[in-house]
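Below is one structure, written out as structure tokens; the observations come after it.
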Amino acid sequence: MTNDFFQLSTDGGIAHLQLNRPERLNTMAPPFFPALRDAVQALNDSGDTRALVISSTGKHFCAGMSLDVFGGSNAMMTTTSARTRLSFQESLRRLMGCFDVLDEVRFPVICAVQGGCIGGGLDLASACDIRLCSADAFFTVQEIHIGMAADLGVLQRLPKIVPQGVAREMAYTGDRVGAERALAVGLVNAVLPDADALLAHAMKLAKSIAAKSPLAMAGTKLSINYTRDHGTAAALQQMTLLQSAIFDTTEMKEAIAAWKDKRDGQFDPLAPVAPL
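First residue of the sequence shown: 4, per our numbering; consecutive thereafter.
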């Protein structure tokens, strides 16, 4: 799949979505959001994808929302009456949902950041399971510089990824956090020398994930996400229900055999999600 914003390919259960507007610093325009949502949701619904890598092209991973969106005549930006404010809320929640899908799909999502991860780019990255970056990468909550609070998920997700003080400093100042500090505070898992090494590392990690049972992987992601948003007692109770639903001794037998034989397991894909 290729469109004005990204290209998407799949190989051996690994999907690769690459932002491809380097001449525009991979900025986001309104059509980008449903295109991303629908592409990722389709990967989830097919049941074949076991890991997704999101990377980019050019100097920066993503420079956020195109500024002309804020200065134009976009009807969504109108908040001059009670009715338009209600409509604004609904439109904003739908935009948020376009990044929520990354958090909700049944497979892990790896974000590979080179250069700037700015504004909406950081909203996107924070919705992914794992973040990696190149040595020239930096991260910034850009919205504070243009007189608005970031509103696509970074303020809700970042404090659950990095320490509260770091999240607040980033949100209040908009200062750039470079690759080494991002690694030190846990925003990224690894720093690679350049974009090529970054993508190679992301693909190697995705391959390792894709070799595991997709059923166990989906359950693991569900459990971690639930634990993030609930207390321990509630999360343990959820795990009893979840495990009773996904416990599969046949899957485990193959996983154990593959582990002993030092080979990739041979697992069936997840069942597809029936369309409404």
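Just so you know, even glycine gets a beta-carbon here, dropped at the ideal spot from N, CA and C.
- Take L195, set aside five residues on each side of it, and the residues of its chain with a beta-carbon closer than 6 Å to its own are S137, L201, H204, in chain order.
- Only residues of its own chain outside the window of five on either side were considered, and among them L218 have a CB closer than 7 Å to the CB of D251, listed in chain order.
- By the criterion of at least three beta-carbon pairs nearer than 8 Å, the stretch 137 to 151 is not in contact with the stretch 90 to 109.
- For L28, the CB contacts under 6 Å within the same chain, skipping 5 residues up- and downstream, are H63, A66 in chain order.
- The shortest C-alpha to C-alpha distance from A115 to any of V104, C131, F102 is the one to C131.
- Uninterrupted alpha helix (DSSP H) stretches at least 4 residues long and entirely within the stretch 85 to 145 occur at 85 to 107, 123 to 129, given in chain order.
- In this structure, the alpha-carbon of D178 lies about 28 Å from that of Q92.
- Straight-line measurement puts the Cα of E257 at about 50 Å from the Cα of Y175.
- According to the DSSP secondary-structure assignment, G181 is paired through a beta bridge with F141.
- Residue burial annotation: H19 is buried, with at least 16 other C-beta atoms found within 10 angstroms of its C-beta.
- Taking 8 Å as the cut-off, the Cβ atoms of A213 and A54 count as close.
- Between the stretch 226 to 242 and the stretch 4 to 14 there are fewer than three C-beta pairs closer than 8 Å, too few to call the two in contact.
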